[in-house]
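Residue numbers (this note's numbering), protein chains in the order written: chain A, 1 to 422; chain B, 423 to 844. Note that beta-carbon positions come from the ideal geometry of N, C-alpha and C, so glycine has one too.
2 protein chains.
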Amino acid sequence: MIYNDQLYTSFIKQKIDALEKMTDQDNPYTRIVFSEKFYEARSWLKNEYQKLGLKVSTDEAGNLIGLLNSKTDTDKVVIIGSHIDTVPSGGRFDGIAGVVAALCVAKYINKNDINLPFNLAVYDYLGEELNDWGTSCIGSRGIAGVLNKEILSRKNKSGLVLKEEIDKIGGNSELLNKPLAVTKNILACLELHIEQGKVLEERKIDIGIVRSIPGISRFSINVKGQAGHSGTNLMNQRSDALVTASEIISFVNKLALKLSEKSNQHFVATIGKLNVYPNSAAIIPGLVEMTLDLRATSQIAREEFLNILEKEILLLNKKSSCKTDIKNIAFAPFVEMDKSLIYLFKNTADSLGLSNNIMESGAGHDTAQLSRVAPAGMIFIPCKNGFSHCPEEYAEASDISKGTAVLYKMVTNLADQSSNKT
Amino acid sequence: MIYNDQLYTSFIKQKIDALEKMTDQDNPYTRIVFSEKFYEARSWLKNEYQKLGLKVSTDEAGNLIGLLNSKTDTDKVVIIGSHIDTVPSGGRFDGIAGVVAALCVAKYINKNDINLPFNLAVYDYLGEELNDWGTSCIGSRGIAGVLNKEILSRKNKSGLVLKEEIDKIGGNSELLNKPLAVTKNILACLELHIEQGKVLEERKIDIGIVRSIPGISRFSINVKGQAGHSGTNLMNQRSDALVTASEIISFVNKLALKLSEKSNQHFVATIGKLNVYPNSAAIIPGLVEMTLDLRATSQIAREEFLNILEKEILLLNKKSSCKTDIKNIAFAPFVEMDKSLIYLFKNTADSLGLSNNIMESGAGHDTAQLSRVAPAGMIFIPCKNGFSHCPEEYAEASDISKGTAVLYKMVTNLADQSSNKT
Chain A
1 MIYNDQLYTS
11 FIKQKIDALE
21 KMTDQDNPYT
31 RIVFSEKFYE
41 ARSWLKNEYQ
51 KLGLKVSTDE
61 AGNLIGLLNS
71 KTDTDKVVII
81 GSHIDTVPSG
91 GRFDGIAGVV
101 AALCVAKYIN
111 KNDINLPFNL
121 AVYDYLGEEL
131 NDWGTSCIGS
141 RGIAGVLNKE
151 ILSRKNKSGL
161 VLKEEIDKIG
171 GNSELLNKPL
181 AVTKNILACL
191 ELHIEQGKVL
201 EERKIDIGIV
211 RSIPGISRFS
221 INVKGQAGHS
231 GTNLMNQRSD
241 ALVTASEIIS
251 FVNKLALKLS
261 EKSNQHFVAT
271 IGKLNVYPNS
281 AAIIPGLVEM
291 TLDLRATSQI
301 AREEFLNILE
311 KEILLLNKKS
321 SCKTDIKNIA
331 FAPFVEMDKS
341 LIYLFKNTAD
351 SLGLSNNIME
361 SGAGHDTAQL
371 SRVAPAGMIF
381 IPCKNGFSHC
391 PEEYAEASDI
401 SKGTAVLYKM
411 VTNLADQSSN
421 KT
Chain B
423 MIYNDQLYTS
433 FIKQKIDALE
443 KMTDQDNPYT
453 RIVFSEKFYE
463 ARSWLKNEYQ
473 KLGLKVSTDE
483 AGNLIGLLNS
493 KTDTDKVVII
503 GSHIDTVPSG
513 GRFDGIAGVV
523 AALCVAKYIN
533 KNDINLPFNL
543 AVYDYLGEEL
553 NDWGTSCIGS
563 RGIAGVLNKE
573 ILSRKNKSGL
583 VLKEEIDKIG
593 GNSELLNKPL
603 AVTKNILACL
613 ELHIEQGKVL
623 EERKIDIGIV
633 RSIPGISRFS
643 INVKGQAGHS
653 GTNLMNQRSD
663 ALVTASEIIS
673 FVNKLALKLS
683 EKSNQHFVAT
693 IGKLNVYPNS
703 AAIIPGLVEM
713 TLDLRATSQI
723 AREEFLNILE
733 KEILLLNKKS
743 SCKTDIKNIA
753 FAPFVEMDKS
763 LIYLFKNTAD
773 SLGLSNNIME
783 SGAGHDTAQL
793 SRVAPAGMIF
803 IPCKNGFSHC
813 PEEYAEASDI
823 SKGTAVLYKM
833 VTNLADQSSN
843 KT
């Protein structure tokens, strides 16, 4: 090992321990974007930036930036970062590992007095996780100029408007109608993330280098039946929305299983969110609202799935007295990472003596959004049992530290490349 | 028609209109037991009792009583009443029609200066609808002495203890370990209720006279899977609690449908309440909690259903990686109404020229609990389309008025019977 394992590891451990305390106490680990705990973590991060001598700012999309200015006068920038928000009852590493790694890189670039020919920016991308407004990756979509008016004007269940929340945290939602100015000057966006799968752990590989990020589509599926008394409505007189919803859930699961085996590519479909109305033991469900999350590397498999599902829903609407409708609410396209960055990541990991593997991502990431407007690259580090989006999520600080070393070396390698070019 | 239709109808309309305003505004019609709106409605009812010259009290079980004392010195009592609480997003008539009818009877017994040889008590039974503590019929179970310590000590999701809520509203939960003293003196408990089914409406019958109330069992069914990221967990690696729950819901529905056709008796099974955890679009469901509500007039059909369901759950636990358990949380036995009261109801309705029919109840009622400790009888009046436990629930004031006339005449007939005996 030729990187400073111990110093990195203890820094990373300390920062992750600090962030894990900023959670809804009843529901660890929960730090939803714009929540009180999220604001608390942002204050903490601002302070961390300042302690490292980084210049703090918030961009139009509400991303929190810590900037290490180059001693050379330049507008060029390399961005490293990830996100500090979590899903409800999520983990301590998803996103967080990447922000902490970026802090660590900035710290040692500064401490080791490395003169970079570009500015180095640590980013906490605003609200990467899927939120109440039915979108994800608020900050990185904002950078890429793809947060349209319809999304920005959405209200969540508490009646809060997304754009107003972005403005409150220091953004400027009026200016999000095109890619932000910074995109003209980005040399590279780099992100470290836990794998959220088992491949690296099972094959004992230090670093996964991401080749592609799958397309993610989300659909709202609503089943409307007729609420009524559970005692007086005979079995053959009912329009029970939950019974019809159950048929759809089983169907989605079986179909996704079949397609994932057939296509031999990454294909997953999940109904993770479901609400029953009025949700009382003595009332037949009158309405079920659910969200379908669909991720595919193959556009053909995605379309096949949706065609079959839509046909099934038509059929159900004919044979059942409930009425089901399906509506697309979010879409992120399949993207490939920058090929020269993949190549450089590989060389960097090799040069550090770290085992590595080029692989597909299963999850969506801010880097997928950034890749629309700048060269973008991403690495994974192993996590335990592939657990993620749950409290059991775990990654060893020493594993994050290896990834951090790759990130650090990438920045200096990019500096060398950049200097050679000029 | 030989009863005072118009006076009754306008009184009933006025009181139902007043009560329908006391609802959670966002979620009509919702007046959950112990909620702010419930307290508001109780204050209103106290005032109504006082306006009619009834003596107001709250018994140990938290029932709100308006007493019309006999001019004769007696401990004997005839109870008329129902409940003013609702399910979430329920209706304006379930329970309410019975309380308003009882008010109307007390008003005209008083106004017409009828001298009863017993006290007449109007009851608002506390919390008839299924609540957060997994029980129903709090007040009538309390009278019957069947609210055991385990039930009284239960906490709801907000951490409130049932017995503390009963005490707060004026009850005395320490004294609920046996039937209340009043049960020694009850000559009859009479309840008017909307049918919550379509039989009376379709057959154009004025009055349903209840022969029996079905046994109601409630079970909590929990499915434990493994929460995880919806993008990175392959379809064949998942323990999705919602997929397994869906299989159970479909199974329960199909089995209940089959048994209801086979037994040719009242048999219904409903999963009306279901919560997914953590309930986020990007997380595979790790836990599903649901409640099964089972109502049967046949004990054999009930046991057959439970045996088959338990076998299916064992099978699911073997073949799926999720773990399901089922637990009985509430039980009310099948009961028959007092035969002489059924007979008297029939004669009374006939004498008023009202068409009537002896029938089974589909729903559970306070009167089922009271029948354990006193002669109890019940009548139904028609409601629109059989809708109940939903905002569409509707009954004509003129139909409630016909039932009220039967109730009024029952009280005077009981008085005649009682006088003839002495």
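If you check the beta carbons only, do residue i and residue j fall under 8 angstroms apart?
{"i": "A:I400", "j": "A:A97", "result": "yes"}
{"i": "B:E482", "j": "B:L602", "result": "yes"}
{"i": "B:I622", "j": "B:P450", "result": "Correcting the residue identity first, residue 622 of chain B is Leu in this sequence and not Ile. It is not a contact, given that the beta carbons lie outside the stated cut-off."}
{"i": "A:P117", "j": "A:T30", "result": "no"}
{"i": "A:G286", "j": "A:A227", "result": "yes"}
{"i": "B:L486", "j": "B:T480", "result": "yes"}
{"i": "B:N578", "j": "B:D554", "result": "yes"}
{"i": "A:L126", "j": "A:G139", "result": "yes"}
{"i": "B:P636", "j": "B:H688", "result": "yes"}
{"i": "B:S634", "j": "B:A752", "result": "no"}
{"i": "B:V522", "j": "B:K437", "result": "yes"}
{"i": "A:A281", "j": "B:K733", "result": "no"}
{"i": "B:V645", "j": "B:V710", "result": "yes"}
{"i": "B:I706", "j": "B:I671", "result": "no"}
{"i": "A:T244", "j": "A:C137", "result": "no"}
{"i": "B:E587", "j": "B:F460", "result": "no"}
{"i": "A:N413", "j": "A:D206", "result": "no"}
Classify residue i as buried or exposed, calling it buried when 16 or more other Cβ atoms lie within 10 Å of its own Cβ.
{"i": "B:Q447", "result": "exposed"}
{"i": "A:M1", "result": "Because A:M1 carries a pLDDT of 44, less than 50, the predicted location of this residue cannot be relied on, and no value is offered for it."}
{"i": "B:K824", "result": "buried"}
{"i": "B:F433", "result": "buried"}
{"i": "A:E261", "result": "exposed"}
{"i": "A:E129", "result": "buried"}
{"i": "B:A566", "result": "buried"}
{"i": "A:S361", "result": "buried"}
{"i": "B:S810", "result": "buried"}
{"i": "A:M410", "result": "buried"}
{"i": "B:D507", "result": "buried"}
In chain B, which residues lie with their C-beta within 7 angstroms of the C-beta of residue i?
{"i": "A:H83", "result": "Those do not exist, as A:H83 stays about 13 angstroms from chain B at its closest Cβ, beyond 7 angstroms."}
{"i": "A:L160", "result": "Going along chain B, no residue has its Cβ under 7 angstroms from A:L160, so there is no contact; the nearest lies around 16 angstroms."}
{"i": "A:T270", "result": "S652 and I706"}
{"i": "A:A18", "result": "Chain B residues near A:A18: none, gap ~24 angstroms exceeds 7 angstroms."}
{"i": "A:L242", "result": "I671, I693 and L696"}
{"i": "A:R295", "result": "G653"}
{"i": "A:S246", "result": "S668, I671 and S672"}
Per DSSP, which one or two residues make a beta bridge with residue i?
{"i": "B:H651", "result": "B:I705"}
{"i": "B:I643", "result": "B:M712 and B:I748"}
{"i": "A:C189", "result": "A:I79 and A:A376"}
{"i": "B:F689", "result": "B:A718"}
Which chain B residues sit within Cβ distance under 9 angstroms of residue i?
{"i": "A:K55", "result": "The premise fails here: A:K55 is roughly 33 angstroms from chain B at the closest Cβ pair, so nothing lies under 9 angstroms."}
{"i": "A:S260", "result": "L656, M657 and N658"}
{"i": "A:A256", "result": "M657"}
{"i": "A:N156", "result": "Here the premise fails: no neighbours, minimum Cβ distance about 13 angstroms."}
Along chain B, which residues have their Cβ under 8 angstroms away from the Cβ of residue i?
{"i": "A:T291", "result": "A703"}
Give the interface partners of residue i over in chain A, defined as CB-CB distance under 9 angstroms, in chain order.
{"i": "B:Q618", "result": "G228, H229, G231, T232 and N233"}
{"i": "B:A785", "result": "H229, S230, G231, T232 and A282"}
{"i": "B:P755", "result": "Within chain A, no residue comes near B:P755; the closest Cβ sits about 15 angstroms away, beyond 9 angstroms."}
Please find out if some non-hydrogen atom of the ligand SAH comes closer than 7 angstroms to the beta-carbon of residue i.
{"i": "A:M378", "result": "This structure lacks the ligand SAH, and indeed carries no ligand of any kind."}
Subject >> Where the region 112 to 136 of chain A meets chain B: residues whose CB sits under 9 angstroms from a CB there >> reply: Contacts with chain B (Cβ-Cβ distance below 9 angstroms) from the region 112 to 136 of chain A involve E129, L130, G134 and S136, listed in chain order.
Original post:
Listed from N- to C-terminal order along the chain, which residues in the region 795 to 822 of chain B have their beta-carbon within a distance smaller than 7 angstroms of any beta-carbon of chain A?
Top reply: Answer in chain order: G808, F809, S810, H811 and C812.
Original post:
Between the region 733 to 751 of chain B and chain A, which residues of the former have CB atoms less than 7 angstroms from a CB of the latter, in chain order?
Top reply: Flagged: no residues at all.
**OP:** Return the residues of the region 448 to 468 of chain B that lie within a Cβ-Cβ distance of less than 9 angstroms from chain A, sorted by chain order.
**Re:** The region 448 to 468 of chain B vs chain A, Cβ under 9 angstroms: N449 and T452.
Subject >> Residues in the region 211 to 223 of chain A having any Cβ partner in chain B nearer than 8 angstroms >> reply: Going along the region 211 to 223 of chain A in chain order, one finds P214, I216 and R218 with a Cβ nearer than 8 angstroms to chain B.
**OP:** Using a Cβ-Cβ cut-off of less than 7 angstroms, give me the residues of the region 79 to 103 of chain A that come near chain B, in sequence order.
**Re:** Against chain B - using a Cβ distance shorter than 7 angstroms - the residues of the region 79 to 103 of chain A are V87, P88 and S89.
**OP:** Could you name the residues of the region 591 to 624 of chain B whose beta carbon sits closer than 9 angstroms to any beta carbon of chain A, in the order they occur along the chain?
**Re:** So the list reads E617, Q618, G619 and K620, given in the order they occur along the chain.
**OP:** Below 9 angstroms between beta carbons is the criterion; list the residues of the region 337 to 371 of chain A that meet it against any residue of chain B, in chain order.
**Re:** Result list: S361, G362, A363 and G364.
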